[in-house]
Amino acid sequence: MFIGAIGCEPLQLRRVSLERSRTLDVYRRNGGYEALRKVLDGMSPDDVIGEVKKSALRGRGGAGFPTGMKWSFVPKDSPKARYVVCNADESEPGTFKDRYLMERDPHLLIEGMLIAGYALGARVNYIYTRGEYRYLIEIMDEALEEARTAGLLGDRVLGTDFNCEIYTHTGAGAYICGEETALLNSLEGLRGHPRMKPPFPAVAGLYGCPTVVNNVETLTAVPDIIKMGGDAYKALGTEKSGGTKLWSVSGHVARPGVYELPMGYDDMEKFIMEDCQGITNGRQLKAVIPGGSSVYIMPAEDIIGRDVRMDYEGLVAAGSMVGSGGFIVLDDTVDVFESTKNLTEFYKHESCGWCTPCREGTDWLVKVFKRIESGGGRPDDAQLLLDIVDNIEGKSFCPLGDAAAWPIQSAIKKFPEDFRRHISNGASGDGGKEGLPTA
Amino acid sequence: MAELIKVIINGQDFQVEKGARLIDACRENGYSIASFCYYADLALQASCRMCLVRIEKMPKLQTSCTITCTDGMVVTTESEEIEKARRGMVEFLLANHPLDCPVCDRGGECELQEMVFDWGDLEERFTERKNYAPEKFLSPVVANDSQRCILCKRCTRVCDEWMGEDAIEAGGRGAHTVIGTYGGWLNCSQCGNCIEVCPTGTLLDATYRHQTRPWELSRTTSTCSFCSDGCQLSVGSRRGEVMRVVARDRYVNGHNGEFLCIKGRFAHPFVNHEERLRTPLVRYKKGGRLVPTTWEEAVRFAAQKLQEVKDAHGGSAIGVVGSPRLTNESNWALLRFARDVLGTDKYTASEAFSLAPFFENLSAPLATHKDIRHAKTIVLIGGEPEELQPLTGKQVRQAVRNGGAKLVIFNSVPIRLKEQAAQFVHIRPGSEDAVVLALASPGDAEVAASKLGVEADEIGKASQIISETAGDVVLMFGGELSAEAQSVVAQLPAAFGEKEGRRFLLHPLPLFNNSVGVHDLGLMNGALNPLEILDAAGSEVRALYVAGGFLPAHLEGREGALSRLDFLAVQELFLTETAEAADVIFPAASFAETDGTFTNSDGLVQRVRQSIPPVHQSKPDWAITSQLASALGTDLGFQMSSSNIFLDIAHGVPAYEGLRYPLLKDESKPVQVKHALAGRRDVTAQLAELRRALESLDENAEKITETPPVGHELFKLGVLTSKVPQFHLLAAGNPEPESVLVSPLYQITLDPGLRREAAAGD
Ligand SMILES: Cc1cc2nc3c(=O)[nH]c(=O)nc-3n(C[C@H](O)[C@H](O)[C@H](O)COP(=O)(O)O)c2cc1C
Ligand code: SF4
Ligand code: SF4
Ligand code: FES
């Protein structure tokens with residue numbers, strides 16, 4: 023497994039391979055907390071937000087919302103407390119970058135959160151991790167304690183009158199709690215359901231107070247932006263997608279890992295075939311799901327020879343999305359019907375149950391997949407799947423419904439043969455055992 | 045009047061109020077919008093996705109229940125795209141639904157059924173195995189079939205927002221989400237509002253399960269016969285039997301909305317209970333047996349006996365006791381009987397406390413329940429509305445939670461409502477009067493505070509909240525206040541003075557459905573109160589004519605009083621303690637069998653309507669009184685019609701002047717009687733009395749620190765509630781049965797001793 027940068031100097035991954043990389047000592051000897059010092063030594067909160075705006079940093083959690091803009095939505099005159107919440111839920115299938123950042127460079131996250139806290143006037147910040155990341159909490163807590171002892175956290179950070187505390191908190195294992203408002207509910211001790219937007223968290227978030235929720239990767243980009251300046255950071259990438267991006271590469275490639283690429287990396291084919299050292303066992307590339315499970319699947323023919331640029335615009339042009347950067351490579355042994363069924367089962371399992379289309383739709387989809395798989399396919403099943411999906415898409419309460427819909431839409435469109443084969447396995451076309459209604 | 049803005053709905057321009065919700069704006073202008081989860085005055089949910097519309101310049105279909113109209117908004121509510129979305133949602137909702145309408149209690153009045161008629165497809169595309177969950181009981185009165193649930197969460201929201209109970213919540217996740225309870229058994233006030241608001245057959249009235257179909261029921265809009273809130277309800281009856289009571293808005297639209305409490309909703313089985321008195325009973329000889337007889341004979345005998353006492357000792361030796369449980373008409377008949385037939389001034393009602401001092405000094409209008417909901421400050425002195433006047437409790441809770449009102453509670457008991465209080469002043473038991481003194485006379489506040497056992501500035505803080513209020517201030521008080529304190533409370537608005545934009549409203553918390561009515565009619569103004577009448581039994585008072593029974597609290601320590609009488613006539617539903625002592629018992633009709641009116645704590649006069657013929661041989665109380673009057677040679681002139689009596693009330697009682705039954709027809713527009721306002725009164729004498737009483741308060745009295753358990757009043761077994769088996773389970777602590785799949789009634793046998801116990805204020 024590879025962890026490192028390709029096509030640029032490592033930025034966020036600069037320290038991850040160093041010995042004892044998670045200690046304050048190593049962090050400081052390698053440029054750590056210099057950005058915080060710079061901020062506290064003479065930048066105003068607005069200066070900080072200005073640099074982040076200039077950097078063209080976009081949220082790495084999946085939605086790609088411009089971070090500087092999000093920060094500027096926090097009302098300046100609110101008498102309420104403000105919060106910065108780090109979204110370390112990392113629950114999108116195929117995504118595993120945040121965990122390496124926290125495991126190997128926890129102080130980078132702490133520094134990023136302190137700077138964000140300073141910029142936004144937050145005195146209490148939270149790191150919310152998924153339940154399965156309990157071991158990371160220990161690492162983070164240790165690093166936080168180290169920072170506290172060193173006067174970097176808590177009251178009078180670095181001897182200034184800036185006070186800022188950071189606490190860790192774990193979820194209980196629900197994908198939906200990675201969605202920022204469900205995360206806030208969970209953090210408050212409520213059921214993990216998304217909240218209605220508006221109001222957006224920046225206006226009314228944790229305990230009804232202005233709150234910025236950012237992904238780990240987003241927050242860990244901030245110290246470098248401050249150090250090198252927003253313009254320089256942006257210049258590493260493209261005009262609209264500034265800086266570098268981490269890709270969690272998994273699946274049938276010879277060298278999976280966490281890759282830091284400059285935004286706009288050219289091109290996806292080269293990335294798979296050279297940087298990731300090609301497909302395992304000399305097999306053929308069949309498809310890539312480039313941005314975590316919630317994006318359109320890309321067949322090989324949309325990649326090979328297509329010069330797909332790896333940034334927000336490039337992937338949209340190529341028919342998919344950057345999402346969380348969970349880059350899943352599928353070789354030609356993969357049955358896309360089966361892989362899509364697998365993903366759909368995930369969404370069904372993770373649907374929080376709040377809204378009708380996602381709750382009932384994903385349940386129904388899985389039942390149809392299972393019926394088809396067990397030989398009960400009917401001629402119009404592909405149409406049925408698409409229609410169920412159409413009744414979910416754009417109508418659900420939160421984006422999870424869409425996330426469940428898109429993989430199926432693209433899979434049926436791009437790999438109709440895989441579906442046709444399963445469906446026509448059906449005995450007589452009138453449904454197998456699974457298909458019989460029971461009261 | 046709010047500012048108007050323009051919205052364009054389906055190509056037509058409409059003026060709507062700024063801030064209007066789109067779904068309401070569409071509906072008010074004639075465009076129907078499907079919805080399940082949207083419910084006025086509850087937190088928005090936006091989960092059913094039925095109400096989708098297209099709004100220009102917005103990327104996706106939008107839920108109209110969450111959108112606030114903006115000027116120039118262009119909306120489409122009808123299109124192919126919207127119809128497909130809506131049909132898709134209905135199809136989703138039916139996917140795992142068992143489609144067992146033929147055996148569902150909700151069938152025939154189910155919002156899901158109706159939605160399917162409108163937006164369902166003939167062909168069912170879902171042919172897969174349905175998810176399964178067993179039917180079960182959540183409590184003795186709430187049953188649950190979670191397979192029929194559409195997860196609109198109206199139930200959980202009313203439980204939380206209305207009731208403050210938070211007793212039901214969704215559990216599980218995704219398609220396996222079920223509405224359930226913490227720990228598997230519902231420990232709450234058992235109001236059943238979750239059942240009421242459920243649009244499907246998921247939450248069900250466990251007392252009515254599988255009894256009738258909704259279309260077999262005759263429905264009568266009437267007024268609840270328990271507490272002074274006066275909830276409007278719909279009595280569902282079949283062949284002379286009351287089958288259920290609901291407040292569903294398709295049948296009735298009272299000031300309580302769809303709210304009812306456990307008694308209103310579940311205690312109705314007393315109406316057709318087997319222990320109802322069947323015939324008149326006469327005891328010809330003191331010490332003899334009560335024997336069934338005919339009406340003719342019972343009336344003859346009673347008339348003869350009353351005449352004998354009258355002849356021997358004069359009419360004023362006969363007492364007449366009405367009841368705050370009975371209609372205004374029946375109480376008026378009794379009052380007329382006392383005055384015109386007997387010529388006695390010894391009339392009263394079996395009421396827990398008299399409101400006369402309060403009304404004599406009334407200096408501000410009575411707050412309606414609607415006023416309470418929109419008040420900005422609510423001050424509660426004593427009382428426990430969440431147990432004794434549950435609708436008031438709900439309105440207070442919503443005023444605070446949904447309306448941002450400030451609640452100030454003075455109570456010796458840390459009642460549950462304190463959860464909503466901005467300020468809870470925890471006073472010593474029995475010191476409620478001192479609170480009134482301190483509020484009315486700041487000079488006494490310091491001394492009062494030390495007697496109350498509170499910090500000196502707590503009274504000041506409360507006064508400040510009241511002083512600073514912009515909007516309505518509602519002052520509420522419970523039955524703990526003395527007559528003097530009541531007078532002072534009624535004058536408190538004057539103590540605070542006038543302030544632009546602030547309005548004072550008063551809200552007494554009497555215990556019974558017609559407490560205010562018996563006061564208004566003047567029945568409480570007789571020479572003796574109920575205790576004094578009992579004490580005078582056998583001396584000054586030789587005979588009594590009682591409608592309804594004395595309260596257990598009246599009889600306590602006066603057990604022998606009734607037997608000292610020469611003659612006692614009682615009209616009752618059951619053989620109560622009072623009735624057992626009677627020489628003649630007339631079987632009376634219950635609220636479900638009579639026409640009339642009750643006056644609630646808001647001063648709203650609301651109709652009681654006959655929904656079933658009187659059971660057995662019972663008759664309305666006023667009819668019995670009328671008949672007895674005739675037998676004594678006086679025609680009260682009612683011509684056996686309750687509306688004639690009401691007309692007589694309207695002529696005789698100034699506050700009711702001009703009122704007629706037709707004016708009270710529409711329960712959605714209740715009529716408030718015109719209680720005379722007293723203006724500023726001199727209450728120095730009362731204040732002096734309060735000061736005197738203050739001195740005798742014990743400064744070392746222990747405070748009550750325990751919050752009373754939910755239901756400690758609501759579940760009490762009274763004359764009526766003890767007729768309902770479910771109440772026995774609840775009163776015994778609502779034990780969880782071994783299996784929640786079988787009715788708890790079949791599983792738990794209670795100590796039979798419990799069945800006999802009766803308490804005040806059932
Ligand atoms: C179903 C769902 C799951 C999500 N899971 C995550 C997650 O695990 N981690 C994350 O950072 N963002 C996740 N998001 C995105 C967050 O809602 C939010 O956009 C993000 O945390 C904002 O941070 P950013 O601006 O730094 O990207 C999820 C969104 C949805 C709809
Ligand atoms: S789309 Fe609806 S059911 Fe699905 S996760 Fe979001 S809110 Fe929950
Ligand atoms: S039980 Fe009824 S009210 Fe509650 S969520 Fe289900 S359908 Fe809605
Ligand atoms: S009524 Fe709008 S989503 Fe349910």
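Line order of the protein sequences matches chains A and B. Just so you know, the first sequence maps onto residues 23 to 461 in the working numbering. Just so you know, the second sequence maps onto residues 45 to 806 in the working numbering. For every residue, glycine included, the Cβ atom is placed at its ideal position computed from N, Cα and C.
Tell me whether residue i is buried or exposed, calling it buried when 16 or more other Cβ atoms sit within 10 Å of its Cβ.
i      : result
B/G216 : exposed
B/S645 : buried
B/Q671 : buried
B/K713 : exposed
A/K363 : buried
B/F58  : buried
A/F441 : buried
B/D806 : Legend: pLDDT at B/D806 = 41, less than 50; position of this residue unreliable, value from coordinates given subsequently. B/D806 should be labelled buried.
State yes or no: is the C-beta of residue i within less than 9 angstroms of the C-beta of residue j?
i      : j      : result
A/S346 : A/M320 : no
B/I126 : B/L66  : no
B/E213 : B/R441 : no
B/L399 : B/Q276 : no
A/E367 : A/Q34  : no
B/L578 : B/L599 : yes
B/A605 : B/A581 : yes
A/D354 : A/Q299 : no
B/L734 : B/S507 : no
A/L228 : A/L206 : yes
A/A309 : A/V358 : yes
A/K370 : B/M133 : no
Under the criterion of a Cβ to heavy atom distance below 8 angstroms, does residue i qualify as lining ligand 4?
i      : result
B/S91  : yes
B/C95  : yes
B/T121 : no
B/D145 : Residue 145 of chain B is actually Cys in this sequence, not Asp. Because no heavy atom of ligand 4 lies under 8 angstroms away, the Cβ of B/C145 does not count as near it: no.
B/I99  : no
B/Y82  : yes
Mind checking whether the beta-carbon of residue i lies closer than 8 angstroms to any heavy atom of ligand 3?
i      : result
B/S190 : yes
Starting from residue i, trace the beta strand (DSSP E) both ways and give me its first and last residue.
i      : result
A/Y229 : Taken as a continuous stretch (DSSP letters only), A/Y229 belongs to no beta strand (DSSP E), as it is neither H nor E.
B/E285 : E285 to V290
A/E360 : A/E360 -> not in any beta strand (DSSP E); alpha helix (DSSP H) instead, spanning V358 to E372.
A/W269 : T266 to G273
B/P631 : V628 to P631
A/Q191 : The question names Gln, but residue 191 of chain A is His in the sequence shown. E187 to T192 is the extent of the beta strand (DSSP E) around A/H191.
B/H470 : Q467 to H470
B/Q433 : Unbroken run through B/Q433: none, as it is neither H nor E.
Taking 8 angstroms as the line, does the beta carbon of residue i fall inside it for any heavy atom of ligand 1?
i      : result
A/E367 : no
B/I111 : no
A/L422 : yes
Can you give me the start and stop residues for the alpha helix (DSSP H) that residue i sits inside?
i      : result
A/Y122 : K119 to R126
A/C108 : Counting along the chain, A/C108 falls outside any alpha helix (DSSP H), though it belongs to the beta strand (DSSP E) covering Y105 to A110.
A/E395 : Run containing A/E395: none; DSSP gives neither H nor E here.
Ligand 2 and residue i: does any heavy atom of the ligand fall closer than 8 angstroms to the residue's C-beta?
i      : result
A/R213 : no
B/P486 : no
B/G218 : yes
Taking residue i as the query, report the chain E residues whose CB atoms sit under 8 angstroms from its CB, ordered along the chain.
i      : result
A/P379 : Of the protein chains in the structure, A and B, none is chain E.
What residues sit near ligand 3, counting only those whose C-beta is closer than 5 angstroms to one of its heavy atoms, in chain order?
B/C193, B/I194, B/L195, B/C196, B/K197, B/R198, B/C199, B/I223, B/C242, B/T244, B/T246 and B/L247
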